[in-house]
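Report on the following structure.
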């Protein structure tokens with residue numbers, strides 16, 4: 003599942019600007035904080 007998330011993350015990074023990427027990584031780290039794989 004983590005591999006799938008990171009693949010999605012990288013494809014997201016290539017299609018969006020750095021601000022949206024920062025928002026997404028914030029959401030992703032919050033999800034990891036709550037133990038969501």
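Residue numbers (the numbering used here): 3 to 39. Where is the CB? At the ideal position from N, CA and C, for every residue including glycine. As the structure is a computational prediction, the values presented were derived from the model and not from experiment.
field: Rounded C-alpha distance that separates residue 23 from residue 31
entry: 12 Å
field: Rounded straight-line distance, which links the Cα of residue 20 to that of residue 11
entry: 12 Å
task: Flag residue 33 as yes if its beta-carbon sits less than 9 Å from any beta-carbon of chain B, otherwise no.
output: Considering every chain present, this structure includes no chain B. It has just one protein chain.
- prompt: What number of angstroms, rounded off, separates the C-alpha of residue 33 from the C-alpha of residue 27?
  reply: 10 Å
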